[in-house]
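Novice: Just passing along the structure, written as structure tokens.
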Amino acid sequence: MGKRIFWLMMLILVLTISCGEKKESSKGAGAEKEITLRFSWWGGDARHKATLDVIKLYEEKNPGVKIKAEYSGWDGHFEKISTQITGNTAPDIMQIDYNWLYNFSKNGDGFYDINTLKDDFNLDNYDEQALSYTIINGKLNAIPVGMNGRAFFFNKSLYDKAGVEIPKTFDELLATDKVIKEKVSKDAKSLDITSTDSGALFFIEYYVEQKYGKPILTAENTIGVTKEELADAFKFYKMLVDSGAVVSAKDRAGAGNFPDDQNPLWINGELGAVLTWNTMVGQYENMLKEGDTLVSGDFLTGIGEHKSTFIKVNMAFAINKNTKYPKEAAKFLNFMLSDPEAAKILGTVRGIPLNKSAFAELEKEGQTKGPLAEGLTKALAFAGPKTSPYIEDERTRKLGLEITQKVDYNELTPEQAGERLYTELEKLLKQMTR
13 MGKRIFWLMM
23 LILVLTISCG
33 EKKESSKGAG
43 AEKEITLRFS
53 WWGGDARHKA
63 TLDVIKLYEE
73 KNPGVKIKAE
83 YSGWDGHFEK
93 ISTQITGNTA
103 PDIMQIDYNW
113 LYNFSKNGDG
123 FYDINTLKDD
133 FNLDNYDEQA
143 LSYTIINGKL
153 NAIPVGMNGR
163 AFFFNKSLYD
173 KAGVEIPKTF
183 DELLATDKVI
193 KEKVSKDAKS
203 LDITSTDSGA
213 LFFIEYYVEQ
223 KYGKPILTAE
233 NTIGVTKEEL
243 ADAFKFYKML
253 VDSGAVVSAK
263 DRAGAGNFPD
273 DQNPLWINGE
283 LGAVLTWNTM
293 VGQYENMLKE
303 GDTLVSGDFL
313 TGIGEHKSTF
323 IKVNMAFAIN
333 KNTKYPKEAA
343 KFLNFMLSDP
353 EAAKILGTVR
363 GIPLNKSAFA
373 ELEKEGQTKG
383 PLAEGLTKAL
393 AFAGPKTSPY
403 IEDERTRKLG
413 LEITQKVDYN
423 ELTPEQAGER
433 LYTELEKLLK
443 QMTR
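Laid out in structure tokens, this is it:
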């Protein structure tokens, strides 16, 4: 009987140890489970390729982590992210436009507070001033990538062929346009100031700031101009379009649906200049025909005495507040934005970086010079008054496009356009700020 009890006790002991080993084994297997982080961004082919190369490098260095890339062009990207955030299906890491913070995180609770991830993301690589742009209610909602400014970029080769200097005023632009049409191509245009998502909205902003020293929307989220001042801006825009020097929304529609940097006139060397974000320079440069040269030009003046270009944080990276892997997301972001190898790969596809480590690396590589950097430097020096982030809200952009198209098709007079923009902005501001 005693022997039976002894062997029974031994059997129980063996089984207990065995079960414990299985649990430990199971625990170990779980720890080695691969983590997948979803990462979304918008951009052109150059940005896509560089970002994918950085992802590949990170995965090689971190075998337990996979980054699922979700990327596209600009058009429709906001709507996609908006739907995902609303439906709680947003990626772990998101490239966001600066003004989206005010759509999705008015109180600072819309994204993960990166201040709480200091052990995994090196915030010392950023000046406090830079980070202040993306702090809401004391919470660091995103990491700003760089600064962005709207600037004029010219196809110098077109002006060389026509034998004229690159213009510095709107009067010079109109005069040189006639020469270009005579000597190079009757179909040529001198300036593209419209965009596929906002029409001439940002040119209207450029005009009223230069003439009146006031933004369309103030930093306090009020309308900063009168109906008459907006009408004045639309009159000037229509004059430029009617002269044949400037591309209109109607011209764009007639040429087909294409991204801003793929205007056929630009690709064929028949467009003199664009007014666009300095971070877009690489894409425009890549689209030039072989032998043509892009340069950063002066801001066209002659409207008024005030500085008038628009600057902002070009974009930012946010972490989903509901991510299962905040530390891992922060580690990947830190690598992408701070690692020397990553900095070399990304170059300036997202502009001149605010990250000190990345900037130092690009400076060594000679990548902090050229049209992109020159355009930003000029924009910072010619910046107009601070503007509400709601000027870039999708609803504001769509309103700008709609009114521009109606002006181009003579469905609205400049006076009616000024009144319409003012009245509709009043309604939109109430919706956006409540």
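As numbered in my numbering, residues 13 to 446 make up the sequence shown, in order. Note that beta-carbon positions come from the ideal geometry of N, C-alpha and C, so glycine has one too. Keep in mind that this is a model prediction, so the values were computed, not measured.
1) In the structure shown, what three-state DSSP assignment does Leu-196 receive?
2) Output the boundary residues of the beta strand (DSSP E) element that contains Leu-170.
3) Establish whether the CB of Val-259 and some CB of chain B are separated by less than 8 Å.
4) Look up Tyr-337 in the DSSP assignment and say whether it is helix, strand or coil.
5) Can you find the residues in the same chain that come closer than 7 Å, C-beta to C-beta, to Ser-84, ignoring five residues on each side of it along the sequence?
6) Return the chain-ordered list of same chain residues with a C-beta closer than 6 Å to the C-beta of Ser-369, the five sequence neighbours on each side being excluded.
7) Can you name the start and end residues of the alpha helix (DSSP H) that Gln-379 belongs to?
8) Is it buried or exposed for Phe-270, if we count other Cβ within 10 angstroms and need 16 for buried?
9) Under the three-state reduction of DSSP, which class applies to Val-66: helix, strand or coil?
10) Would you call the stretch 335-344 and the stretch 222-241 in contact, with 3 or more CB pairs under 8 Å?
11) Residues in its own chain within less than 7 Å of Arg-432 by CB, not counting five upstream and five downstream?
12) Going along the chain, which residues of its own chain have a beta-carbon closer than 6 Å to the beta-carbon of Gly-412, five neighbours each way excluded?
13) Among residues of its own chain, excluding the 5 on either side of Ala-41, which ones have a beta-carbon nearer than 8 Å to its beta-carbon?
14) In the DSSP assignment, find the alpha helix (DSSP H) that holds Ser-255 and state where it starts and stops.
15) Tell me which residue opens and which closes the beta strand (DSSP E) that Leu-306 is part of.
16) Kindly indicate the opening and closing residues of the alpha helix (DSSP H) around Val-419.
17) So what's Leu-287 in DSSP terms, helix, strand or just coil?
18) Below 6 Å CB to CB, which residues in the same chain sit around Ser-320 once its five sequence neighbours on both sides are set aside?
19) For the stretch 141-152 against the stretch 122-132, do three or more pairs of beta-carbon atoms, one drawn from each stretch, fall closer than 8 Å, so that the two count as touching?
20) Would the stretch 295-307 count as touching the stretch 163-172 if we require 3 or more Cβ pairs under 8 Å?
21) Counting only the same chain and skipping the five closest in sequence on each side, list residues whose C-beta sits under 7 Å from that of Thr-206.
22) Could you compute how far the alpha carbon of Thr-101 sits from the alpha carbon of Ile-323?
23) Between Asn-326 and Val-157, is the Cβ-Cβ spacing less than 8 Å?
24) CA-CA distance, Leu-440 and Tyr-249?
25) How would you label Ser-117, buried or exposed, when you count the other beta carbons within 10 angstroms and need 16 or more for buried?
26) Have a look at the DSSP bridge pairing and note the partners of Lys-356.
27) Ends of the beta strand (DSSP E) at Arg-50?
28) In angstroms, rounded to a whole number, what distance separates the CA positions of Ser-94 and Trp-112?
29) Mapping the DSSP letters down to three states, classify Glu-282 as helix, strand or coil.
30) In its own chain, which residues sit with a C-beta less than 7 Å from the C-beta of Glu-404, not counting the 5 before and 5 after it?
31) Looking only at C-alpha atoms, which of Pro-75, Met-159, Phe-215, Ile-79 sits nearest to Met-348?
32) DSSP three-state label for Glu-423, please.
33) Determine the burial state of Thr-343: buried for a count of at least 16 other Cβ atoms within 10 Å of its Cβ, exposed for fewer.
34) Just list the beta strand (DSSP E) runs in the stretch 72-111, keeping only unbroken ones of 3 residues or longer that don't cross its boundaries, in chain order.
35) For Lys-390, count neighbouring Cβ atoms within 10 angstroms of its own Cβ and tell me buried if that reaches 16, exposed if not.
36) Between which two residues does the alpha helix (DSSP H) containing Met-299 stretch?
Specialist: By the coordinates alone:
1) At residue 196 the sequence reads Val, which differs from the Leu that was named. Here Val-196 sits in coil by DSSP.
2) It is not in any beta strand (DSSP E) - Leu-170 instead sits in the alpha helix (DSSP H) that spans 168-174.
3) Included in the structure is just one protein chain, with no chain B present.
4) coil
5) Trp-54
6) Asn-137, Ser-350
7) No alpha helix (DSSP H) holds Gln-379; DSSP gives it neither H nor E.
8) exposed
9) helix
10) no
11) Ile-415, Leu-424
12) Ser-210, Gly-211, Leu-213
13) Its pLDDT being 40, under 50, Ala-41 is placed unreliably by the model, and the measurement read from it follows with that caveat. Correct list: empty, nothing qualifies.
14) Looking at the DSSP string, Ser-255 is not in any alpha helix (DSSP H), and its letter there is neither H nor E.
15) 306-308
16) 406-420
17) strand
18) Tyr-218, Glu-221, Gln-222, Gly-396
19) Yes, the stretch 141-152 touches the stretch 122-132.
20) yes
21) Ala-212, Val-259, Ser-260, Ala-261, Arg-264, Thr-416
22) C-alpha separation (whole angstroms): 32 Å.
23) Yes, these two residues count as a Cβ contact at 8 Å.
24) Per the coordinates, the alpha-carbon of Leu-440 lies some 23 Å from the alpha-carbon of Tyr-249.
25) buried
26) DSSP lists no partner for Lys-356.
27) Counting along the chain, the beta strand (DSSP E) containing Arg-50 begins and ends at 47-54.
28) 9 Å
29) coil
30) If we look at Glu-404 and ignore the five residues flanking it on each side, its Cβ neighbours are Asp-109, Asn-111.
31) Ile-79
32) coil
33) Going by the sequence as given, residue 343 is Lys instead of Thr. Per the 10 Å Cβ criterion, buried.
34) 77-84, 105-108
35) buried
36) Residue range 293-299 is occupied by the alpha helix (DSSP H) that includes Met-299.
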